[in-house]
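Undergrad:
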Amino acid sequence: MSKVHVSATVNGDPVEFLADPRDTLLDCLRDQLGLTGTKEGCGTGDCGACSVQLDGVLVCSCLVLGVEAEGKRVETVEGLSSGQDLHPLQRKFIEHAALQCGFCTPGILVAAKALLAQNPDPTETEVRYWLAGNLCRCTGYDKIIRAVMDAGAEMRGAN
Amino acid sequence: MRFHTPKTFENAVAIAAAASGQTRFLAGGTDVLVQLRAAMVLPDDLIDLKHIPGVKEITRTSDGGWRIGIAVSGAELGRHAGIGADYPGVVEGMQLVGSTQVQGRATLVGNLCNGSPAADSVPAMVAAGAWVSVIGPQGVRDVKVEDIPAGPGRTTLKAGELITGITLPPRGANAGDAYLRFIPRTEMDIAVVGVAVNLRLDGDRISEARVALGAVAPKILLVPAAAQAIIGTMLDDAALDDAALDALAAAAIAASTPISDKRGTAEFRKDIVGVLVKRAARIALDRAKGATK
Ligand SMILES: Cc1cc2nc3c(=O)[nH]c(=O)nc-3n(C[C@H](O)[C@H](O)[C@H](O)COP(=O)(O)OP(=O)(O)OC[C@H]3O[C@@H](n4cnc5c(N)ncnc54)[C@H](O)[C@@H]3O)c2cc1C
Ligand code: FES
Ligand code: FES
Chain A
0 MSKVHVSATV
10 NGDPVEFLAD
20 PRDTLLDCLR
30 DQLGLTGTKE
40 GCGTGDCGAC
50 SVQLDGVLVC
60 SCLVLGVEAE
70 GKRVETVEGL
80 SSGQDLHPLQ
90 RKFIEHAALQ
100 CGFCTPGILV
110 AAKALLAQNP
120 DPTETEVRYW
130 LAGNLCRCTG
140 YDKIIRAVMD
150 AGAEMRGAN
Chain B
0 MRFHTPKTFE
10 NAVAIAAAAS
20 GQTRFLAGGT
30 DVLVQLRAAM
40 VLPDDLIDLK
50 HIPGVKEITR
60 TSDGGWRIGI
70 AVSGAELGRH
80 AGIGADYPGV
90 VEGMQLVGST
100 QVQGRATLVG
110 NLCNGSPAAD
120 SVPAMVAAGA
130 WVSVIGPQGV
140 RDVKVEDIPA
150 GPGRTTLKAG
160 ELITGITLPP
170 RGANAGDAYL
180 RFIPRTEMDI
190 AVVGVAVNLR
200 LDGDRISEAR
210 VALGAVAPKI
220 LLVPAAAQAI
230 IGTMLDDAAL
240 DDAALDALAA
250 AAIAASTPIS
260 DKRGTAEFRK
270 DIVGVLVKRA
280 ARIALDRAKG
290 ATK
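Residue numbers (numbering that gives the first Met the number 0), protein chains in the order written: chain A, 0 to 158; chain B, 0 to 292.
#1: Could you give the C-beta distance for V125 of chain B and A211 of chain B, rounded to a whole number, given that I count them as a contact under 8 Å?
#2: Is T37 of chain A near ligand 3, going by C-beta to nearest heavy atom under 7 Å?
#3: May I have the straight-line CA-CA distance separating P52 of chain B from D203 of chain B, to the nearest angstrom?
#4: Is it true that the stretch 88-103 of chain B meets the stretch 58-66 of chain A, where meeting means three or more beta-carbon pairs spaced less than 8 Å apart?
#5: Could you tell me the distance, in whole angstroms, from the CA atom of G109 of chain B to the CA atom of A70 of chain B?
#6: Going along the chain, which unbroken runs of the beta strand (DSSP E) with 3 or more residues stay wholly within the stretch 63-104 of chain A?
#7: Helix, strand or coil for S206 of chain B? Go by DSSP, reduced to three states.
#8: Ligand 2 and G42 of chain A: does the residue's C-beta get closer than 7 Å to at least one heavy atom of that ligand?
#9: On the criterion of 16 or more Cβ atoms from any shown chain inside 10 Å, does N118 of chain A qualify as buried, or is it exposed?
#10: By the three-class DSSP mapping on this structure, what secondary structure does M233 of chain B have?
#11: Taking the DSSP output, what are the residues bridged to F24 of chain B?
#12: Output, in chain order, the set of chain A residues within a Cβ distance shorter than 9 Å of G53 of chain B.
#13: Taking Cβ positions, are S50 of chain A and A97 of chain A nearer each other than 8 Å?
#14: For R155 of chain A and D149 of chain A, what's the separation of their Cα atoms in angstroms?
#15: Give me the chain B residues within the contact set of V63 of chain A, using Cβ-Cβ distance strictly less than 7 Å, ordered along the chain.
#16: Determine the contact status of T37 of chain A and P105 of chain A, defining contact as a CB-CB distance below 8 Å.
#17: Quick one: grab the DSSP three-state call for S60 of chain A.
#18: Could you spell out where the beta strand (DSSP E) holding Q52 of chain A opens and where it closes?
#19: Within 8 Å of any Cβ in chain B, is that where the Cβ of K6 of chain A sits?
#20: Could you work out which residue in B:I282, B:E75 and B:P169 is closest to R59 of chain B when comparing CA atoms only?
#21: Sorry if obvious, but does the Cβ on C46 of chain A come closer than 7 Å to a heavy atom of ligand 2?
#22: Just list the beta strand (DSSP E) runs in the stretch 47-119 of chain B, keeping only unbroken ones of 3 residues or longer that don't cross its boundaries, in chain order.
#23: Using a Cβ-Cβ cut-off of 8 Å, state whether V33 of chain B counts as contacting chain A.
#24: Measuring straight from C-alpha to C-alpha, what distance separates A11 of chain B and A18 of chain B?
#25: In this structure, how does DSSP classify D141 of chain B when only helix, strand and coil are distinguished?
#26: Exposed or buried, what is K157 of chain B when buried is set at 16 or more other beta-carbons lying within 10 Å of its beta-carbon?
#27: Identify the residues that DSSP records as bridge partners of W129 of chain A: which are they?
#28: Keeping to the same chain, check which residues put their C-beta closer than 7 Å to that of I252 of chain B; ignore five residues upstream and five downstream.
#29: Which residues mark the beginning and the end of the beta strand (DSSP E) in which A152 of chain A is found?
#30: Can you give the beta carbon distance from L161 of chain B to F267 of chain B, rounded, assuming they're within the 8 Å contact cut?
#31: Are there any heavy atoms of ligand 1 lying less than 7 Å away from the beta-carbon of A158 of chain B, as far as the coordinates show?
#32: Cβ-heavy atom distance between C27 of chain A and ligand 2 below 7 Å?
#33: Find the residues of chain A that neighbour G97 of chain B, judging by a C-beta separation of less than 8 Å, and give them in chain order.
#34: Assign L17 of chain A to one of two classes, buried (16 or more other C-beta atoms within 10 Å of its C-beta) or exposed (fewer than that).
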């Protein structure tokens with residue numbers, strides 16, 4: 000099987016990797032680029048643990064081929080903090096104890112960041128529907144929703 | 000698996016026509032990648048259509064309809080004010096597909112060509128009278144959306160043929176459409192029953208209607224008998240009377256030949272199709288009278 004050379008931008012950095020055309024973007028991020036923050040829960044688009052932004056659009060990286068990333072911008076959970084400074088979402092998740100095992104957390108952080116970028120002041124219902132494709136088996140969701148709402152408020156300068 | 004990124008539809012057809020093994024086209028990939036992972040479909044040639052110019056565009060046709068590119072995602076369709084105003088039923092059907100993440104990728108054409116009898120965007124496209132443009136080794140042709148599905152997972156497209164665009168006819172005055180589905184939860188599930196109604200009013204009388212049903216037969220059904228049950232009906236106090244609604248439900252139930260599976264029994268599906276078709280007709284009627292919800 001001949002591999003395809005792919006050039007893309009991941010979290011602002013230019014990257015290159017060789018992809019088997021059957022490899023998903025998720026496989027390439029984890030196995031070729033060592034970015035293991037993005038998780039695989041189901042591999043079939045149901046759980047959202049693999050959420051990344053592709054050219055600014057929230058997608059499941061398990062439903063995108065690595066070769067489709069050619070020339071595109073990919074943003075993963077590793078791009079959220081700047082150095083040691085956590086993103087407001089990350090801080091609020093810790094403050095609200097919005098995680099237990101943490102497996103769903105990277106995907107939810109990436110999805111929530113995409114929501115707040117396009118809707119800085121979402122209602123609780125909007126947050127719940129936006130995150131309907133991000134499954135969490137531990138928290139019961141309430142703390143996640145509160146953390147996202149609180150991070151939104153802080154980012155708007157409302158508290 | 001060979002991965003192709005043709006820059007023209009003609010080139011995509013040439014690649015597909017020259018391929019000897021399994022071929023798949025790639026739009027949003029939300030069905031193709033799931034089938035790939037499950038080893039249900041392992042294409043020898045995968046042809047990504049997203050590099051062809053214009054596939055992400057939505058344009059007005061010269062007669063006032065809409066032409067939707069084959070790579071327009073559900074999220075992009077949902078943001079388009081013009082189609083949302085003309086065909087809210089088509090938009091709400093597509094927007095029911097999957098999560099935010101799936102909406103960022105999934106397309107109308109992929110939903111249609113995957114061939115699921117429960118595909119959520121297809122009944123409303125059928126009810127709207129939409130058609131697709133097809134290109135293949137033998138040239139181009141237009142096909143009504145209801146003539147594409149052939150049965151679960153199958154279409155009537157011939158080897159090497161692909162769809163180049165979807166067209167919704169001009170909306171015209173006093174018309175409305177709606178799509179409703181039943182699922183046991185509020186998000187992220189497959190339709191147990193799906194119903195689309197599209198109708199037009201002439202004064203107080205229903206002058207045109209099309210009714211399409213999903214998940215109650217091996218393929219999505221256009222049911223002319225259901226439409227006939229309400230065409231010509233005079234509104235009573237601006238609403239459909241019970242006799243017309245009952246006739247509509249009876250025709251939809253009579254056309255349904257559902258299976259029993261873990262999502263619902265055949266009896267349950269028949270019951271629900273009657274309930275939903277009445278509700279969808281009421282919503283379509285309100286929209287035809289100018290309601291924007
Ligand atoms: C988590 C999840 C939830 C989902 N929920 C729903 C749901 O609620 N309702 C629902 O209806 N579906 C649902 N789906 C299924 C899927 O998302 C939809 O069917 C979607 O619309 C497929 O579009 P796509 O662009 O991703 O298709 P792709 O996967 O790219 O293609 C699907 C099929 O269409 C063919 N094809 C694509 N473009 C063309 C073309 N131009 N010409 C000819 N053939 C073509 C491909 O060869 C392939 O066989 C879900 C999927 C996932 C993963
Ligand atoms: S791993 Fe991609 S959605 Fe579950
Ligand atoms: S914290 Fe364990 S799955 Fe969400």
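Glycine included, every Cβ here is placed at the ideal spot set by N, Cα and C.
TA: Considering the structure as presented:
#1: Position 126 of the second sequence, counted from the first residue, corresponds to residue 125 of chain B. Position 212 of the second sequence, counted from the first residue, corresponds to residue 211 of chain B. Their Cβ separation, rounded to whole angstroms, is 4 Å, which keeps V125 of chain B and A211 of chain B in contact under 8 Å.
#2: By one-based count along the first sequence, residue 37 of chain A stands at place 38. False, no ligand heavy atom lies under 7 Å from that Cβ.
#3: Reading the second sequence from its first residue, position 53 is the one you call residue 52 of chain B. Reading the second sequence from its first residue, position 204 is the one you call residue 203 of chain B. Each residue's Cα considered, the two are about 45 Å apart.
#4: By the Cβ test, the stretch 88-103 of chain B is in contact with the stretch 58-66 of chain A, since at least three Cβ pairs between them sit closer than 8 Å.
#5: Residue 109 of chain B sits at position 110 when you count from the first residue of the second sequence. Residue 70 of chain B sits at position 71 when you count from the first residue of the second sequence. Distance between the alpha carbons of G109 of chain B and A70 of chain B: 9 Å.
#6: Correct list: 72-74.
#7: Locating residue 206 of chain B in the second sequence gives position 207, where the first residue counts as 1. Look at S206 of chain B here: in three-state DSSP terms it is strand.
#8: Against the first sequence, residue 42 of chain A aligns to sequence position 43. For ligand 2, at least one heavy atom lies less than 7 Å from the Cβ of G42 of chain A.
#9: To locate residue 118 of chain A, count along the first sequence from 1; it is residue 119. Exposed, because fewer than 16 other Cβ atoms sit within 10 Å of the Cβ of N118 of chain A.
#10: As a first step, residue 233 of chain B must be located in the second sequence, where it is residue number 234. Reduced to three states, the DSSP call for M233 of chain B is strand.
#11: For this step, residue 24 of chain B is matched to residue 25 along the second sequence. Paired residues: B:I46.
#12: If you number the second sequence from 1, residue 53 of chain B lands on position 54. By Cβ distance, chain A contributes nothing, its closest Cβ being about 18 Å from G53 of chain B, past 9 Å.
#13: Counting from 1 along the first sequence, the entry for residue 50 of chain A is found at position 51. Counting from 1 along the first sequence, the entry for residue 97 of chain A is found at position 98. Cβ distance not < 8 Å, so S50 of chain A and A97 of chain A don't count as in contact.
#14: Against the first sequence, residue 155 of chain A aligns to sequence position 156. Against the first sequence, residue 149 of chain A aligns to sequence position 150. Cα to Cα, R155 of chain A sits roughly 10 Å from D149 of chain A.
#15: Locating residue 63 of chain A in the first sequence gives position 64, where the first residue counts as 1. In chain order, G28 make up the part of chain B whose C-beta sits under 7 Å from the C-beta of V63 of chain A.
#16: Taking the first residue of the first sequence as 1, we reach residue 37 of chain A at position 38. Taking the first residue of the first sequence as 1, we reach residue 105 of chain A at position 106. Yes, these two residues count as a Cβ contact at 8 Å.
#17: As a first step, residue 60 of chain A is located in the first sequence; it is residue number 61 there, counting from the start. The answer is helix: DSSP assigns S60 of chain A an H, G or I state.
#18: Counting from one through the first sequence, the residue named residue 52 of chain A turns up at place 53. Per DSSP, Q52 of chain A belongs to the beta strand (DSSP E) from S50 to L53.
#19: Here residue 6 of chain A refers to the residue found at position 7 of the first sequence. Note that residue 6 of chain A is Ser in the sequence shown here, rather than Lys. In terms of beta-carbon proximity, S6 of chain A stays away from the interface with chain B, with every pair separated by 8 Å or more.
#20: The residue given as residue 59 of chain B occupies position 60 in the second sequence. Taking only the C-alpha atoms, the option nearest R59 of chain B is B:P169.
#21: In the first sequence, residue 46 of chain A corresponds to position 47, counting from 1. Yes, ligand 2 has a heavy atom inside 7 Å of this Cβ.
#22: Correct list: 57-59 and 65-67.
#23: Position 34 of the second sequence holds residue 33 of chain B. Under the Cβ distance rule, V33 of chain B counts among the residues neighbouring chain A, one pair being separated by less than 8 Å.
#24: What you label residue 11 of chain B is simply residue 12 of the second sequence in a count that begins at 1. What you label residue 18 of chain B is simply residue 19 of the second sequence in a count that begins at 1. If you take the alpha carbons of A11 of chain B and A18 of chain B, they lie about 11 Å apart.
#25: By one-based count along the second sequence, residue 141 of chain B stands at place 142. Strand at D141 of chain B.
#26: One-based indexing of the second sequence puts residue 157 of chain B at position 158. Exposed is the call here.
#27: Counted from its first residue, the first sequence places residue 129 of chain A at position 130. Looking at the DSSP assignment, W129 of chain A forms no beta bridge with any residue, so it has no partner.
#28: Residue mapping note: residue 252 of chain B aligns to position 253 of the second sequence, counting from 1. Answer for I252 of chain B: K269, V272 and G273, listed in chain order.
#29: Taking the first sequence and counting its residues from 1, one reaches residue 152 of chain A at position 153. Annotation: A152 of chain A is outside any beta strand (DSSP E); the continuous alpha helix (DSSP H) that includes it extends over D141 to R155.
#30: As a position in the second sequence, residue 161 of chain B is number 162, starting the count at 1. As a position in the second sequence, residue 267 of chain B is number 268, starting the count at 1. Not a contact, Cβ separation roughly 37 Å.
#31: Here residue 158 of chain B is taken as the residue at index 159 of the second sequence, counted from 1. Proximity of the beta carbon of A158 of chain B to ligand 1 is not indicated: no heavy atom of the ligand is located closer than 7 Å.
#32: By one-based count along the first sequence, residue 27 of chain A stands at place 28. Flag unset: Cβ of C27 of chain A not near ligand 2.
#33: In the second sequence, residue 97 of chain B corresponds to position 98, counting from 1. Counting only Cβ-Cβ distances below 8 Å, G97 of chain B has contacts in chain A at G44 and G132, in chain order.
#34: Working through the first sequence from its first residue, we reach residue 17 of chain A at position 18. Under this definition L17 of chain A is an exposed residue.
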